[in-house]
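**Student:** Would you mind keeping the following structure in view while I ask a few things?
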Amino acid sequence: MAPSTGTYLIRGAAVLGGEPADLLIRDGIIAERGAGLSDDGATVIDAAGLVALPGMVDVHTHLREPGREDAETVETGTRAAALGGYTAVHAMANSTPVADTAGVVEQVYSLGKAAGWVDVRPVGAVTVGLAGEQLAELGAMADSRARVRMFSDDGICVHDPVLMRRALEYVKAFDGVVAQHAQEPRLTAGAQMNEGEVSAVLGLAGWPAVAEESIIARDVLLAQHVGSRLHVCHVSTAGSVEIIRWAKQRGINVTAEVTPHHLLLTDELVRSYDPVYKVNPPLRTDADVQALRAGLADGTIDVVGTDHAPHPSEHKECEWAQAAMGMTGLETALSVVQHTMIETGLMTWADFARVTSAAPAAIGRLADQGRPLEAGEPANIVLVDPAARWTVDPFRMATMGRNSPFKGRELPGKVVATFYLGHPTVLDGELNTPHPSAAQPAGAA
Amino acid sequence: MKHLLSTQDLSRANAIRILDTAEEMSAVGDREVKKLPALRGRTVVNLFFEDSTRTRISFEAAAKRLSADVINFAAKGSSVSKGESLKDTAQTLSAMGADAVVIRHWASGAPHRLAATDWIDAGVINAGDGTHEHPTQALLDAFTMRRHWAKLAGTESEGANLKGMRVAIAGDVLHSRVARSNVWLLRTLGAEVTLVAPPTLLPVGVEKWPCAVSYNLDDTLAQGVDAMMMLRVQGERMNASYFPSTREYSRRWGFDDNRLRTLDRLGMKDTIIMHPGPMNRGLEISAAAADSPRSTVLAQVRNGVSVRMAALYLLLSGDTREPATTPVLATAGTTPSTKEAN
Ligand SMILES: [Zn+2]
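Heads up: the sequence lines are chains Z and V, in that order.
Each step along the first sequence adds one to the number in numbering that gives the first Met the number 0, with nothing skipped, and position 86 is 85.
Each step along the second sequence adds one to the number in numbering that gives the first Met the number 0, with nothing skipped, and position 289 is 288.
In structure tokens, the structure reads:
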């Protein structure tokens, strides 16, 4: 049995942004939901003015461990996740060694359990060593203690069409999904930024939209042909949104993800040559940003995934062409989505819950995540102050990465508390303690 | 002027100020003692992450004619081998007391990084970055064109612009920092620019540039050209399928003997032929064209020193006044006192 997680009464939170209600949390579940609940023996949290949402689930996180503990560890990355309102993250497979065996995914899973900040769900590599040549032991990873359901070579595209077809077919055996990093490699050799007006002026090699769109078009047709489940990572172009919309209309089993940075930032920022804006896929144009927002609002894009990618500072304090690609995102995702989708009137908080919790949990097949905030459900809850505004300071984040492209921006929305299976990992906007089921002592320095 | 990073952000007034200052500097080059004390005690570092003897010696000559101390720093590291970090190198130069850094780099934007970060406080001159810009090359090209254009008009170069001049730039625009810098600067100075290239060697997005684009060199020549600039074509482009063969390239886009005769046939007796060098004779330009009286190749090299003297002088003299109020040097041809440099 799980150790006791205490009793908490959340008083007067606007559930999914709707009418205020009380939520009584006991033994890891929502014991009661109602008005004027008794606080007998419970720690009361005054949530007037706060929005209660289901704990967020990230389908796309780079925790860097094992192998690049100078960039991030499971401990630091999951602290960042908890502070960002997450109760589950999918750890991408491009670690060193690559998460392409049951041993490595179980190691990452155990590190997540030991940290106790969120549920860490390892993603398994599709191919051995991400090399794109032979299938990794997908079944062994699925059967392992980590119960892997999502497989991805993220960072690299599974570009061989036969290999992609086989992967899509094979994961049907255990209800898996292939999450594709859609990037045609020949069209993007040496690519540095979005190919268009800005790259022409800056003299940086272009990453054309067609390199993403052509792979997505191929993959949705493959998924249809073999009757499998496809997830498209970090969709970044207007054309990709159209292809996915078309595929969904045909009944193809495809889900898609957009990152917070692609919902807000454009390639105009690259004019500074500041590598904090270097990311893969690259920042696109304003027309793409608008299409991505519309796609997320109308359900063409199912989820927001952070693609949180911390890097040591020396990998960004250099020439653009030398810099690593990637941005941190766990601690800014909620605010950026509020800013781009809710404050613009494109979505409600209920929609927010769908794209950041219910839909990503469904894609990853996480049974106890993304659930409604009702009595009897697991108590994965985040309390948000939607009226708060804050200025992003990467040096005050829990992630080891200082590479936030939102540095210096004022953003709305602040996570006040995060409950992970009934335990507050975040309280009063500050990190509290890991879940008591964590193997290591709470409040490690 | 704190830095000279690109011509895109260079105002017309500043561009003309640099060109006018270069005219004054050019007069120094005609004297027996080709030296001014203007930058005595100042240190100019030539920081080259990419080999370019031509550009380096041009800057070196410019700095020395202004009496500056010159340090040449050939940094290791390329796009494939990482080598010297830009940040560490910059901080080292800063500790050595560099007043200006002339940087040549294979990576687009490297000079911007130096100027934007706190790694070094010196003035930065972009001596060519990746496939981005090469502003002093464009300035020396414009200087050369302006002299020619003013002479045809029977006026002085000083203060003049390039209004109405028809300039064609032919070759590998996609990978050319020279083309980019020229397009922005020539437009700023009032010239009408046409880029001529195979479609594979034009960047996506070129349609937004302030110039015309042509795939046909003969059509462009037939419409009338006052300055014809040929760009160097790297042989390696052929292996990447940018064009089928060097022979086909030079037939369609090279300035060959036939096209040299075309200028005569069409009565364009004053059209000049330019090349930033080094030339691939027989590929983008024929030997006869390169050596003809129309060719300004050597004048461009000579003018390069004057333009770079002007850039260094304006960066290091601390003169941040708006241009067109006072001449930079008290009187053309006279030797300014060292006081002005401090
Ligand atoms: Zn990716």
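The C-beta atom is built at its ideal place from N, Cα and C for all residues, glycine as well.
Give the DSSP bridge partners of phenylalanine 58 of chain V, in chain order.
**Tutor:** Answer by DSSP bridge pairing: none, since phenylalanine 58 of chain V is not bridged.
**Student:** Enumerate in chain order the residues of its own chain whose CB-to-CB distance from tryptophan 116 of chain Z is below 6 Å, with the five nearest sequence positions on each side excluded.
**Tutor:** Thr77, Arg78, Ala81, Thr424, Pro433
**Student:** Within 10 angstroms of its Cβ, does histidine 147 of chain V collect 16 or more other Cβ (buried), or is it exposed?
**Tutor:** buried
**Student:** Sorted by chain position, which residues of the same chain lie with C-beta nearer than 6 Å to threonine 42 of chain Z's C-beta, five sequence neighbours on each side aside?
**Tutor:** Tyr7
**Student:** Please go through the same chain and pick out, in chain order, the residues whose beta-carbon is closer than 7 Å to the beta-carbon of valine 225 of chain Z, but skip the five residues on each side of it.
**Tutor:** Arg164, Leu167, Glu168
**Student:** Using a Cβ-based criterion (distance less than 7 Å to any ligand heavy atom), does asparagine 160 of chain V qualify as near ligand 1?
**Tutor:** Using a cutoff of 7 Å, the CB of asparagine 160 of chain V does not count as near ligand 1, since none of the ligand's heavy atoms is closer than that.
**Student:** Where does alanine 14 of chain V land, buried or exposed, given buried means 16+ other C-beta within 10 angstroms?
**Tutor:** buried
**Student:** Starting from methionine 228 of chain V, follow the beta strand (DSSP E) in both directions and report where the run begins and ends.
**Tutor:** 226 to 229
**Student:** Mind checking whether the beta-carbon of glycine 154 of chain Z lies closer than 7 Å to any heavy atom of ligand 1?
**Tutor:** Within the cutoff, so yes.
**Student:** Closer than 8 Å, CB to CB, is proline 134 of chain V near chain Z or not?
**Tutor:** no
**Student:** Within the present structure, is the beta-carbon of cysteine 317 of chain Z separated from the nearest heavy atom of ligand 1 by less than 7 Å?
**Tutor:** no
**Student:** What I want to know is whether the C-beta of histidine 233 of chain Z ends up closer than 7 Å to one or more non-hydrogen atoms of ligand 1.
**Tutor:** yes
**Student:** Please tell me whether valine 381 of chain Z and glycine 54 of chain Z are closer than 8 Å, where the distance is taken between their beta carbons.
**Tutor:** yes
**Student:** Return helix, strand or coil for valine 304 of chain V, following the three-state DSSP convention.
**Tutor:** helix
**Student:** State buried or exposed for proline 440 of chain Z, treating a residue as buried only when at least 16 other CB atoms are found within 10 Å of its CB.
**Tutor:** Here proline 440 of chain Z scores only 47 on pLDDT, less than 50, and its place in the model is too uncertain to base an answer on.
**Student:** Give the residues from the stretch 195 to 221 of chain Z that approach chain V closer than 9 Å (Cβ to any Cβ), ordered along the chain.
**Tutor:** Gly195, Glu196, Val197, Ser198, Ala199, Val200, Leu201, Gly202, Leu203, Ala204, Gly205, Pro207
**Student:** Quick one: list the residues of chain Z neighbouring leucine 92 of chain V, beta-carbon separation under 9 Å, in chain order.
**Tutor:** Residues of chain Z passing the Cβ test: none, with the nearest at roughly 16 Å.
**Student:** In this structure, how does DSSP classify valine 177 of chain Z when only helix, strand and coil are distinguished?
**Tutor:** Looking at valine 177 of chain Z - three-state DSSP - the assignment turns out to be strand.
**Student:** Report, in whole angstroms, the separation of the C-beta atoms of threonine 187 of chain V and leucine 9 of chain V, which I expect to be a contact under 8 Å.
**Tutor:** 7 Å
**Student:** List the residues that DSSP assigns as beta-bridge partners of serine 244 of chain V.
**Tutor:** In the DSSP secondary-structure assignment, serine 244 of chain V is not bridged to any residue.
**Student:** For the 8 Å Cβ check, are there 3 or more pairs between the stretch 49 to 59 of chain V and the stretch 198 to 205 of chain V?
**Tutor:** no
**Student:** Can you say whether lysine 162 of chain V is buried or exposed, counting buried as having 16 or more other CB atoms within 10 angstroms of its CB?
**Tutor:** exposed
**Student:** Which first and last residues belong to the beta strand (DSSP E) in which valine 209 of chain Z is found?
**Tutor:** Element bounds for valine 209 of chain Z: not the beta strand (DSSP E) but the alpha helix (DSSP H), 208 to 225.
**Student:** Mind listing the chain V neighbours of alanine 320 of chain Z? Cutoff is C-beta to C-beta under 9 Å, in chain order.
**Tutor:** Those are Ser78, Trp105, Ala106, Ser107, Gly108, Ala109, Gly129, listed as they occur along chain V.
**Student:** How about lysine 75 of chain V: is its C-beta nearer than 8 Å to some C-beta of chain Z?
**Tutor:** By this cut-off, lysine 75 of chain V is not an interface position.
**Student:** When every heavy atom of ligand 1 is checked, does at least one fall within less than 7 Å of the C-beta of histidine 180 of chain Z?
**Tutor:** yes
**Student:** Listed from N- to C-terminal order along the chain, which residues in the stretch 255 to 289 of chain Z have their beta-carbon within a distance smaller than 8 Å of any beta-carbon of chain V?
**Tutor:** Ser271, Tyr272, Asp273
**Student:** In the DSSP assignment, the alpha helix (DSSP H) including glycine 102 of chain Z goes from what residue to what residue?
**Tutor:** Segment 101 to 114, the alpha helix (DSSP H) holding glycine 102 of chain Z.
**Student:** Below 8 Å between beta carbons: does that hold for glycine 123 of chain Z and valine 147 of chain Z?
**Tutor:** yes
**Student:** Can you pull out the residues from the stretch 289 to 318 of chain Z whose beta carbon lies closer than 7 Å to at least one beta carbon of chain C?
**Tutor:** The structure shown contains no chain C; the protein chains it does contain are Z and V.
**Student:** Give, in chain order, every unbroken run of the alpha helix (DSSP H) that is at least 4 residues long and sits entirely within the stretch 244 to 280 of chain V.
**Tutor:** 245 to 252, 256 to 264
**Student:** Kindly indicate which three-state DSSP category valine 43 of chain V falls into: helix, strand or coil?
**Tutor:** Looking at valine 43 of chain V - three-state DSSP - the assignment turns out to be strand.
**Student:** Rounded to whole angstroms, what is the Cα-Cα separation between leucine 426 of chain Z and alanine 437 of chain Z?
**Tutor:** 18 Å
**Student:** What is the DSSP secondary structure of lysine 86 of chain V, reduced to helix, strand or coil?
**Tutor:** helix
**Student:** Below 8 Å, how does it come out for the stretch 206 to 221 of chain V and the stretch 169 to 186 of chain V: are there three or more Cβ pairs, yes or no?
**Tutor:** yes
**Student:** Between asparagine 402 of chain Z and ligand 1, is the CB less than 7 Å from at least one heavy atom?
**Tutor:** no
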